Structure formats: C-alpha cells, structure tokens
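When we follow the working numbering, the leftmost residue of the sequence shown carries the number 11, and every step to the right adds one. Glycine residues also receive a C-beta, built at the ideal position from the N, C-alpha and C atoms. These numbers come from a predicted model, not from an experiment. Below is one structure, written out as structure tokens; comments come after it.
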Amino acid sequence: MSTYGLGRHVDLLVGQSRPSQTQRKLLLAHERLPRAALQTSALLRSPLTSGQATPCVLAAASSCGARPRLAPCRSALVGAPAPAAAGAPALADIPLASVINTSGMVLPEEPEGARGAVFAIYDEKQKLQYVGTTSDLRNALRSALGRRPEKTYYYKAAFLPTADPPALQAVRDAWFSECGGQPNGNRLAIERTMWQQPVDAGAISERGRKGAAEEKARQLQAVLRERGCKEDFTPNPTLLLEGQVEFLAARNLTDEELAAEREAEAERMRGRRSCSCVVDGQERVFHTSYKLKYPTAGGHMLDVSVLFDGRETNHRIIVGREYYEPFGLTPEAACEAAIALLLRAKVARATEGMLLSSQFPVNYFALGQVEQWFGEEFREEFERISGGVQLQDGTANSWKFNRIHDYGSMRNETAEQLSTALGNTDSRQVAAEVAAALAESLAEAASAARGHEQREEEEEELPRGRGILDRFF
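Encoded structure:
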C-alpha cells in the first residue's frame, strides 16, 4: 500500500471504536514508517501549515444516530510550513494603525489588487494579542472589535495578491517566528475561542438566552460608542436566540463611497496640529484643533478639540501668560504640554455630573491646576514639548491653607501665637499660650453669663391683659 493510501486509511480508522486485527497491524506499520515518509504523507493529504488542523478526528455523532463524520483537529504529523509569499514584509516593518480611524470608522486602506491579508491585533498598550488571516480585512477587524473591544485598538496588516490559505499561513507563521512564538490569542485555547467565535452572553437558562444576549449586545455597543466608533454594529438576530452575540458584516463600499470617506477624513484633519505624547513608554500622536482663542486679563482661554485613539473630546483650558510669554511660546504650545501630560497620566478625557475630590476637572481647567496636581511630571512634559524650556517650581503661587486670620474663639491671637501655631516655637510654649488663651475665653464666657442672669432679674413683670381667659387666672 502506498504512503498516501496508508495515511488515508489510518485517518479513517480513527473514527472506529474497535479496529480489527488487520487494522491494528496497519496502525503499527504506520507508526514505524520513517519520519520523512510521515511528513510526505501529511503534506500530500493536506498542505497545512504548522498549528493548523488536519482531517483526522471523529466529530461527535448527532443524537439521531447518524453515522460519524470526520472533523478537523490538530495533528502531530504536520510538515514544514509552506514557503512565505515573495516580498511579504516583516511584522516589525509594518506601521501601526488605529482600528477606529479619525472619522470613527473601521476602514483600513487596502492596496489595489489585494486578495488576502494577514493581520495582527494590538491592545491599548500596543501589545500583540492575536494574528489572523482573511480575505476581507475590514470585516475581520470589525469582528475582532465587536468580540474583544477591550483588546482591539491597533492593527498591522500585510496584503497578498492571493487568498490561498497556505500563502497566508506562511506569512502568519513567519510572524510567529519573528515574535518568538504565538501570542496568547493564538496559543491559548480559551483566548483563541474568544477571538474566533461569537460572544457567549452567559445565560443560565434556555429561556433567558435571548434577553442575556440582547443585554450583552447593548453593553458592547456602548463600549464601541465610548471608543468613538460611529459605525452601525447590528447583532445577528439568529444568534441572539441562541444566547450569542455576533455583529453582522458590513457591506462593501463602492469606489465612490470609499473616495468620499477618504475625502471626509482628510477634511477632518485639515488645520489640526500634530503633537506627541508618551503613553506606557511608547511615543504616540494626538491632534488638536482650536475652536476659540479668547484673550483674558491673565493670559488666554482656549477651547480645544483633542483627537486621540480615534476619539474626539473637547476641553476649555485657561493658560496663564507666565506659561508662554517669558519663553516666546504660543498659548497653544503650553496647552499641548498639559494635554500630553494628561494623556500620559491616563486621566479620564471627559467627566459628567458632580466631581469627587479625586477627579481632575478635565472638561474645564487651568494650567496652574495641572501643575498643582502633577508637579514635576508636568514640568518634565513641558520641557519635552517646548524643546527645552524649564519651568520654575510654581507651587509658591499655589493656594495655601495656613491660618493667618481670626475665625474662632482665639480672637486675641498675637503675632507670637500665630507663629507658634505655624510651628516656629517649642511645644511647651505652645501649650502654655494655648492654655492661657482658653482660660481667657472661658472667663469672658462666664462674665457674659452672669450679666445675662442679672438682666433677667431686673426685668419687671409684664401687665396682665383683659381678655376672655382672664377668669381662669
């Protein structure tokens, strides 16, 4: 029997629970074949790359007693990966792009003639999460964003003129080798399922599947809106009945629609200033647009729009002239140093309602507040943005809550007593002066009480009037 025929026969035997004696001999002979022959057999039967499934495992039979069928599984008899496509770029050489663009769309740029793509997904900290292959990059990114919005922020993609799986898998495996192994999204079974399968809403009962799935879909849609995504994500109604959430694929845009989207995005970026910030050790780019620049007595008030990670937020910022005038800078440069610091510190970019004392008022603030909150960090960021300008420590101009006025019972505090309260004398003198002040205060209170009693004794009895109740008194 040829190697091909033997390998095919062995695959079919896996689906049988009790192989015959002849079949067991065939299995033993197959195990004793040279390794090269085994690899040749595997490649002839299914030219898959490393880590892919081969048709060799029995699928679960249906409850109606149907004959068992073959299902794909991982095989140990997989040969060397197919050669990489000519000219496929290394992962490190591909620029990082945001999954949600500046217009709030998932709209990757694909070159003319591209038929397939290998893509890598990165999280907010630009850590590789998952690598996949597709013939429709836009909907592949939409699926990843809908299933794992908390881990889908950036992507890299390599485009091929073919959608042939071996060619795409060869590029993917080359990326695995470049990274020293597979990321968790490919390596761990539970992570791989979350990237490749619809979201399970976790319904406890069969009756609650649809309700749980609808609630999960609303939660995912709210997260996408918070991320600045403006595309429609419509859940698959059939899967909702099964307790799962999967968003429907978007239709392919026509050339005219694509051109209009590109033009709208270009128009959106016109007039914006490009700035940099350092987040988690990585230099990132954000864009600012100034809608209002109003001079004030102490500097300028700016209404600025900040575009970062595909999300646009609006802020009103008061910039004192001491942050730009002495250094020959513009108010915008000082403003951008504060924004870079807030992005670096991961301050919430928008707040609503009453703020807690621990929340920075990011919607409306002054640069002095940023310096008071962050101190040396802000001065370092200011120096980086301005190209070397070093701010002096401005905390001397900050509010201080030392007691310098009379608000309590110690009305007759002297300069020495105030100095003592600020810690400029020894503790024994402090205690003596405080005791004397308290004694004086108590004496004054006692004197006031005696005067009040004396006034009550001197008051004359009020004359009784003539009324209907006089007969009872």
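Among the bridge pairs identified by DSSP, ALA127 is matched with THR144, PHE169. Just so you know, the alpha carbons of MET204 and GLU225 end up roughly 18 angstroms apart.
Classified as exposed, SER215 has fewer than 16 neighbouring CB atoms from the shown chains inside 10 Å of its CB. For VAL116, the three-state secondary structure derived from DSSP is coil.
Shortest Cα-Cα distance from ILE110 to any of ALA124, ILE131, ILE327, PHE370 involves ILE131. With contact defined as three or more Cβ pairs closer than 8 angstroms, the region 268-279 and the region 346-358 are not in contact. A direct Cα-Cα distance of roughly 15 angstroms separates GLY238 from ARG158. Restricting attention to GLN464, LEU401, ALA124, THR340, the CA atom closest to the CA of VAL329 is found in THR340.
Around the C-beta of GLY291, fewer than 16 other C-beta atoms lie within 10 Å, and the residue is accordingly described as exposed. Put simply, the backbone Cα of GLY218 is about 11 angstroms away from that of LEU250.
Straight-line spacing of the CA atoms in MET364 and GLY338 works out to 38 angstroms. Under the DSSP assignment, MET279 falls in the alpha helix (DSSP H) whose first and last residues are 265-279.
Annotation for GLY190: no beta strand (DSSP E) segment contains it, and DSSP assigns it neither H nor E. Ranking ALA222, SER396, GLU267 by CA distance to the CA of GLY253 puts ALA222 first.
Residue burial annotation: ALA269 is exposed, with fewer than 16 other C-beta atoms found within 10 angstroms of its C-beta. The three-state reading of DSSP puts GLN464 in helix, counting H, G and I together. Around ARG152, the same chain offers VAL116, GLU241, PHE243, PHE257, ALA259, ALA260 as residues with beta carbons nearer than 8 angstroms, after the five sequence neighbours per side are excluded. Per DSSP, the beta-bridge partners of LYS303 are LEU312.
A distance below 8 angstroms separates the beta carbons of PHE129 and LEU147. Taking C-alpha positions only, LYS166 is separated from ALA107 by approximately 6 angstroms.
Per DSSP, the unbroken alpha helix (DSSP H) holding ILE200 starts and ends at 199-206. Per DSSP, the continuous alpha helix (DSSP H) segment holding THR248 begins and ends at 247-251. Annotation for GLY221: the continuous alpha helix (DSSP H) segment containing it runs 219-236. A distance below 8 angstroms separates the beta carbons of CYS285 and THR298. With a cutoff of 8 angstroms on beta-carbon distance, PHE169 and PRO245 are scored as not near each other. The three-state reading of DSSP puts ASP403 in coil, since its state is none of H, G, I, E or B. Excluding sequence positions up to five before and after ALA124, its CB lies within less than 6 angstroms of the CB of PHE169, all in the same chain and listed in chain order.
Under the DSSP definition of a beta bridge, ILE328 partners with MET311, ALA376. Listed as beta-bridge partners of TYR132 by DSSP are LEU138, TYR164.
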